[in-house]
Structures are given as structure tokens and as C-alpha cells.
Amino acid sequence: MFAVARYRIPLCFVLAAALPVAVSGPVRAADPAPTTALNKVPATAETYHSVLRLGETIELLGRSRAWQQLWNDPVVKDLRKKAMEKFSEPGNNEAAALRAFLAEPANAELLGLLLDAASHEVFVSTGAGTGDLLSLGQELVGGARYGPALQKLLGQGGGDPNAARIRIILQGLAERPERVRVPELLIGFKVSDAAKVKTQLKRLDPLVAGALADTPLKGRSKRATVDGDEFLVLELDGSLIPWDQVPIAMFEEKEGEFAPLIKHLKALKLTVSIGVRQGYLLVAIGPSTDQLAKFGGPGPKLAGLPEFKPLAELAGKPLTAVGYTSAAVRRATAATAEDVTAYGDVLKAGLEHADLPDDLRKAIEKDGEALLKSIAKDITKPGAATSFSFRTARGWETYAHDYSPAAAGESRPLTLLNHLGGDPLMAAVWRSGTTVDDYRAAVKWAKIIAGHVEKVAIAKAPDAEPIIKSVRQEIYPVLQELSDVTERLWLPALADGQEAVVLDAKWSSKQWHAALPTDRPMPLPEFGIVVGVSDREKLEKALEGYLAGANKLLGKARELAPPGSIPEFEIPRPKVETKGGRTFAHYPIPAGLGVDEQFLPTGGLSDKVAVLALSRGHADRLLTETPLASGLAPFARKTADSAFYFNWAGMVDTAAPWVDFGLRTFAPEGDAKQNEDVARKVIGALKIFRKYGSVTDRQNGVTVTHSEAVFQDVPAVEK
Numbered sequence: 001m002f003a004v005a006r007y008r009i010p011l012c013f014v015l016a017a018a019l020p021v022a023v024s025g026p027v028r029a030a031d032p033a034p035t036t037a038l039n040k041v042p043a044t045a046e047t048y049h050s051v052l053r054l055g056e057t058i059e060l061l062g063r064s065r066a067w068q069q070l071w072n073d074p075v076v077k078d079l080r081k082k083a084m085e086k087f088s089e090p091g092n093n094e095a096a097a098l099r100a101f102l103a104e105p106a107n108a109e110l111l112g113l114l115l116d117a118a119s120h121e122v123f124v125s126t127g128a129g130t131g132d133l134l135s136l137g138q139e140l141v142g143g144a145r146y147g148p149a150l151q152k153l154l155g156q157g158g159g160d161p162n163a164a165r166i167r168i169i170l171q172g173l174a175e176r177p178e179r180v181r182v183p184e185l186l187i188g189f190k191v192s193d194a195a196k197v198k199t200q201l202k203r204l205d206p207l208v209a210g211a212l213a214d215t216p217l218k219g220r221s222k223r224a225t226v227d228g229d230e231f232l233v234l235e236l237d238g239s240l241i242p243w244d245q246v247p248i249a250m251f252e253e254k255e256g257e258f259a260p261l262i263k264h265l266k267a268l269k270l271t272v273s274i275g276v277r278q279g280y281l282l283v284a285i286g287p288s289t290d291q292l293a294k295f296g297g298p299g300p301k302l303a304g305l306p307e308f309k310p311l312a313e314l315a316g317k318p319l320t321a322v323g324y325t326s327a328a329v330r331r332a333t334a335a336t337a338e339d340v341t342a343y344g345d346v347l348k349a350g351l352e353h354a355d356l357p358d359d360l361r362k363a364i365e366k367d368g369e370a371l372l373k374s375i376a377k378d379i380t381k382p383g384a385a386t387s388f389s390f391r392t393a394r395g396w397e398t399y400a401h402d403y404s405p406a407a408a409g410e411s412r413p414l415t416l417l418n419h420l421g422g423d424p425l426m427a428a429v430w431r432s433g434t435t436v437d438d439y440r441a442a443v444k445w446a447k448i449i450a451g452h453v454e455k456v457a458i459a460k461a462p463d464a465e466p467i468i469k470s471v472r473q474e475i476y477p478v479l480q481e482l483s484d485v486t487e488r489l490w491l492p493a494l495a496d497g498q499e500a501v502v503l504d505a506k507w508s509s510k511q512w513h514a515a516l517p518t519d520r521p522m523p524l525p526e527f528g529i530v531v532g533v534s535d536r537e538k539l540e541k542a543l544e545g546y547l548a549g550a551n552k553l554l555g556k557a558r559e560l561a562p563p564g565s566i567p568e569f570e571i572p573r574p575k576v577e578t579k580g581g582r583t584f585a586h587y588p589i590p591a592g593l594g595v596d597e598q599f600l601p602t603g604g605l606s607d608k609v610a611v612l613a614l615s616r617g618h619a620d621r622l623l624t625e626t627p628l629a630s631g632l633a634p635f636a637r638k639t640a641d642s643a644f645y646f647n648w649a650g651m652v653d654t655a656a657p658w659v660d661f662g663l664r665t666f667a668p669e670g671d672a673k674q675n676e677d678v679a680r681k682v683i684g685a686l687k688i689f690r691k692y693g694s695v696t697d698r699q700n701g702v703t704v705t706h707s708e709a710v711f712q713d714v715p716a717v718e719k
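Next comes the structure, spelled out in C-alpha cells:
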């Protein structure tokens, strides 16, 4: 039985996720202002994630044609039959125990109560201090990972690196023991009949007490009343750990170094509680039962936070998921300005042990700190983030809000959405914020770093000075010319900032390669890059400048290299054709490669767009203005900072002919019909998920991402 279930259940979960919105019938509307745990969880919670209407999802799944076809499939029927036979075998002790358990009258309603608990709303939240605990964890992991290497760099340690890692962790914990705490975790299930759930929970008392009777935990479970509600509570503390058997002393450099830490750990309390409160089955883990009293108790709640105001706009929508991550948690897991500037201490420590002249060491240290500060000033502190998902007639939509400081200015139209070829398989479009000033700053630091590298090389290997001088005199001027092309021509030409990558598959061939003939045209993915153009003339001059500069660089390198090491050649000019205001450029593909003539990497340019594609046809399609035929709600927005589109059904259609070709070519004779049926069912199931798209823009200082996923049930079987 269990072997069968292992293969069947995962597919059921996949279908459960994919089909709740793909079946026929209207979407069940939500209450205008549904009561959820958001109105009960305290505002001090640092994370909150919930799943709603799972029961409705299962109900819709059961009505879908895809589920019915799967359930009634002959193979699945046979598996179900064998599973029941296995379950009913007299010698199956595990199954017999389960049958006996379910046969007891007291257990008759247990399964129904469990299903009910998962049907309406399930949430998980963590309390205050979660962010600091995560930050501590990252500090300890980082110290353990890089600490031994840093010690070696400083001429310290030299012993067992694993022992060094453990000591680093202990030192980090001992530095501020109060940061080590038991986190607050609350898991809740909305139930329809609280009285019946309470009755079932009372049956746990003797079971838990019996399980703990012959263990050190005897007597630590009890019934406790929290603000008028009864909970079964298990109380543990750090003294239960046999600390005298933990070899902490072997990592101490002086006796008792970690004694205060151990004292703190012994005093920590861990409380596990389970019970029903205000219509929710709650499972809580924390230092005490205090968080249970806060659930639905007095004080501000999550729903009252400003970050949840957008939820009011979704009133009447059938919510399926809600997510919240506080600013404290996001800052704890993100790189901060302090993290970046802290590398200055690492640089300084490394330089102190480097055999370099004092003036050079001080100069590197000074410039290194200045570079880190320039990087750190552009790092913003993350804000809170929320996400709200709801079911629609054809899938689901999600609004995600990021309250981190948004970039200055307003979102603008992404016109490259009209240069993706109409309906590609996948595309990502965004607007880059890189400016000429950003580039100048990068060049400035590149020159400073190169100067220090030269001086270090000469200090370490004086004999290399003539080579370094030659490179400086011959190569650097050419690099400066290329940099000037970038600053004066390339970046101004692409000041629009729009960039896109595209994957499509609208070309096909019976013989993509001489060694791979097929009996019918076969599609292949075609990749493309698209950028917005602000000044076509400057872009053309930039490309000319890069070609000339690259050839000049090759020539200088050939002069400096040993004779004969770099062949005499130049990068040739591509073949260029101008047609209808468009310019196309390509390098011919040698016929000896045996590839289809359609394969011809091509660059294309118009007044507003530049593209690079694997074929002339694709380049032409990308240059042509064609509205994106996504049919997705997010793309109705007129302005955006970025967008993503994924046509999964198109991906499957692209792969299907190759799957069919493989089956016809390599499958044993006589299995063709069976293979065709299996392939058809698999492809049909895969295409239940149709497409996904998202659009991100800034609204009133908040970064908002609106996404939609579309599903469609399998076609009805013709009778």
C-alpha cells in the first residue's frame, strides 16, 4: 500500500495545486470582509504566511476532468485495487493497526476533523526577535565559514579547522548570550466545530503522559488555562541537556571562558502548547504560553499595520494566500552598508601581514575603505514585504508589495514589450538605471585598483617592471579609447535603459544538422536580446569604435607577445544590409558545419530598437512592433519597471514533436499506439498550466508586482 501511495500522492498534490481554477463553474466569491487570523495575530509578529480555501481547492479538483481521467485511468485503477488488497491482507500488521484505530467509535470523526482543520485557513507566524535570531545565525555561519581562512591569513590558528569553527561559533554566542533565545512560532488551523476538536485533544493527555512516563520528561506535560482557554502544555528547559557530557572546555582558551553562555543556555525555557482558541486549533512553540494570550487578545493586530491597507482593495476576492515579512527580518537576511564597510577591517588585517612598503600599504588601505564607503552609500535598508493571492475564473493573481525605499522618479512605459515577437515562449524586460556618472565612477575605481596592482607587482617582482611599463604605455591608451567610446557613444545611445531577453520557437526545419534528418519540420528554441535605442547614429559609431579598438588591441598585444604566439589577423567587418529603415549585420556561417541555413546569428537595428538573434527572421520579428499577446491582467498596466512572461503551454508544444520523434525512432516495434496514448496524456496534463506573467512598477513610493497564472482543464474526451 505504502509503495503505491508514494507514487500516487505527489501527482495528486501537483494536480491539487494546478487545477483548483481550471475546472468549469463559477468562482466561489469571498465574504466582503472575511475574518482571518490577521485580525488576531499581534502586530509584533515578524513573519506571517497563510493558505486559505484549501477545502474549496480540493472540491474543485475533484470536479476537474483531469482528476477524473487520472482517477479512472486503467493503470491508476489497478494501483488502487492492489493498494486496497494490500491494506486488507491479514498479515499486514501496520494496516491492521490502522484499521483497528479507525474502527474505534472515538476515532470515527477524527479524520473529518483533521480534513476540516486544513480546509479553511492555515497560518504560520513568528514573533518579535525573529529577525535578530536570523541575523545571529548568519553571523555564526559566516564566522564559521570564513573565520579559519581569515585566521590563517593573519598568521593565527593553524590547528584543526573544524575545531576553529566550533570555537568561533562559541565565541559569537558568548559575546552576547542574551541574543540566544527560544523563538516564538505559532501554527494555526481554523476549525468549524471547536467543541469536537477540544474533545479529541483531551484524549491526548493520557497518551502524552504515558509516552513520557519512563523518560526524564515525566511530569512535564500538563493542562494550563490561558486567558480562559485550555491548552495541553509541555514545558522543557536547558537543564535537561547533559552539559557535563558536552566537551565545551576543550574549546576554551582559559578555564570557564564559556561558563556564562552555558548558564544562559541552561536557563532557557521551551514550551510546546496545543489547544483551541477563538475558533483556531493552535500549536505554539516558545519560551512560554504568552503568545497564546496575545492571539485575539488586546493590542494592535497585523491587519492594522499600514502594509495591509492594499488588502482592502481585494475585498470580495476569494483570497488563497497571504504573506508578510517584517522589515526587521528582511534587514537581518540582506546585505547592509555595515556589512560592506566591515570588509575594510578584513582588508586592513590582511595588509598588516602583507610584505609591502608602508606607504603602499597605507594607500591601498585608504582607497579600499573609500571604495567600500562608496558602495555602502548606495545600499538601502529593506522595508517590510507583503503578498496577497486570490483565485480567479482562470487561475490566480497575486499582488506583492515591497516597502523598501523605491528608486527616484516614476515608472515609465516598457515599449520593448511590443518587440518580443508577439507571443514568445518566455521573455523578461526591465529598465536599467545605469548612467554615465555610474560608469565614470566605475572607471575611476578600476584605474585606482589597476595602479595598486601595478605597484604590488613591482614590489613583489621588480624584474616585471619593464613588462608592466610596456603594458601601461601600449595597452592602457587603447583601453582608454574603448572607454571613451562607451562613455561618449554607447551609453548615451542606450540611455533609454530598456533591455530584454526573449526565448521563442517559431522556426522549424526537417534537418537542423546534416547528421539529424527528420521526417517532418521540427521546432527549436531561438534566443534573442533586445535593447531600447535613444540615438541610432551614436550606437552605429560606438559599434564601429569597438571594432576598431578591438583590432588595435589585438595589434598591440601581438607586438608585446612573443613572436608567433598571436596569429596575424583582424576581426573582419560583418556583412551589412539596409532594408526599410532597418540595418542587419551578420557573419556568414561556414557551409562545412552542416547546420540549417536559417541559423545565422544576426544583429538588427532600427531607430528605436537594437536586437541580436540566432536568425534573420527572428531579428526581423523583434524589430517589428507587435503588441504582446499575453492576455494576462498585469500587462494591462501602462507603466512598469520590469515584466516577465512565461508561456508554458508553448514550451510543451515545442518539445512535443521531439518527444514524438524520439518515441517513433527508439521505441520497440508494436508499442507505437501505447506510447502515443501515454505521450498524449502526459502532454495534456502538462498543459493544464498555460502561462504566467508579472509586471513590477512603483506606486506611491512602493514597489508593486502584479502577477497572474492561468490554468485550463484538459479537453473533454470525445465519445
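Note that the UniProt record's numbering has the sequence shown beginning at 1, numbered continuously upward.
We treat Cβ as the ideally placed atom computed from N, Cα and C, and that holds for glycine.
Kindly examine the ligand GDP and report whether one of its heavy atoms sits closer than 7 Å to the Cβ of residue i.
i           : result
residue 285 : For the structure depicted, the ligand GDP is absent and the ligand set is empty, with no information on it obtainable.
Identify the continuous alpha helix (DSSP H) that holds residue i and give its terminal residues.
i           : result
residue 278 : Neither: residue 278 is in no alpha helix (DSSP H) and is coded neither H nor E.
residue 371 : 358-376
residue 439 : 436-460
residue 707 : No alpha helix (DSSP H) contains residue 707, which is instead part of the beta strand (DSSP E) from 702-711.
residue 120 : First-last for residue 120: undefined, no H or E at that position.
residue 723 : No answer is possible for residue 723: it lies beyond the span of the chain, which begins at 1 and ends at 719.
residue 582 : That residue, residue 582, is in no alpha helix (DSSP H); its beta strand (DSSP E) goes 582-586.
residue 480 : 465-485
residue 99  : 93-103
residue 618 : 616-623
Out of the options, which one is the CA nearest neighbour of residue i?
i           : options               : result
residue 187 : 285, 433 and 664      : 285
residue 400 : 411, 385, 408 and 406 : 385
residue 59  : 37, 98, 118 and 96    : 118
residue 254 : 283, 326, 292 and 167 : 167
residue 356 : 210, 516, 460 and 654 : 460
residue 169 : 252, 526 and 77       : 252
residue 647 : 689, 635, 638 and 681 : 689
residue 716 : 42, 69 and 47         : 69
residue 194 : 236, 275, 162 and 51  : 275
residue 334 : 663, 213, 644 and 380 : 380
residue 429 : 565, 532 and 487      : 532
residue 606 : 598, 622, 388 and 614 : 622
residue 569 : 558, 132 and 527      : 558
residue 699 : 456, 423 and 409      : 409
Does DSSP classify residue i as helix, strand or coil?
i           : result
residue 142 : helix
residue 570 : coil
residue 218 : coil
residue 198 : helix
residue 108 : coil
residue 47  : strand
residue 715 : coil
residue 637 : coil
residue 255 : coil
residue 32  : Bear in mind that a pLDDT of 37 at residue 32, under 50, signals an unreliable position, so the number given afterwards is only what the model happens to contain. Coil at residue 32, not helix or strand.
residue 379 : coil
residue 22  : Because residue 22 carries a pLDDT of 43, less than 50, the predicted location of this residue cannot be relied on, and the following value inherits that uncertainty. Residue state, collapsed to three classes: coil.
residue 687 : coil
residue 541 : helix
residue 72  : coil
residue 116 : helix
Following the continuous beta strand (DSSP E) through residue i, name the residue where it begins and the one where it ends.
i           : result
residue 399 : 395-402
residue 250 : That residue, residue 250, is in no beta strand (DSSP E); it is neither H nor E in DSSP.
residue 187 : 185-190
residue 529 : 526-532
residue 501 : 498-504
Are the C-beta atoms of residue i and some chain C residue less than 8 Å apart?
i          : result
residue 93 : The displayed structure is made up of one protein chain only, and chain C is not part of it.
Q: Spell out a yes or no on whether the region 367-387 and the region 336-344 are touching, meaning 3 or more CB-CB pairs, one atom from each, closer than 8 Å.
A: The region 367-387 is in contact with the region 336-344.
Q) If you pair each beta-carbon of the region 261-271 with each one of the region 169-181, do three or more pairs fall below 8 Å? A) yes
(Q) Using a Cβ distance threshold of 8 Å, determine whether the region 548-560 contacts the region 469-481, with at least three qualifying pairs required. (A) yes
Q: Count the CB pairs spanning the region 400-409 and the region 349-359 that are closer than 8 Å, and state whether there are at least three.
A: no
Q: Run through the region 272-348 for me and flag every whole alpha helix (DSSP H) of 4 or more residues, listed as ranges in chain order.
A: 290-294 and 327-332
Q: Pair every Cβ in the region 434-446 with every Cβ in the region 482-500, then say whether three or more of these pairs are closer than 8 Å.
A: Three or more pairs of CB atoms, one per stretch, sit closer than 8 Å, so the region 434-446 contacts the region 482-500.
Q: Kindly confirm or deny that the region 651-662 and the region 674-683 touch, where touching means at least three C-beta pairs closer than 8 Å.
A: yes
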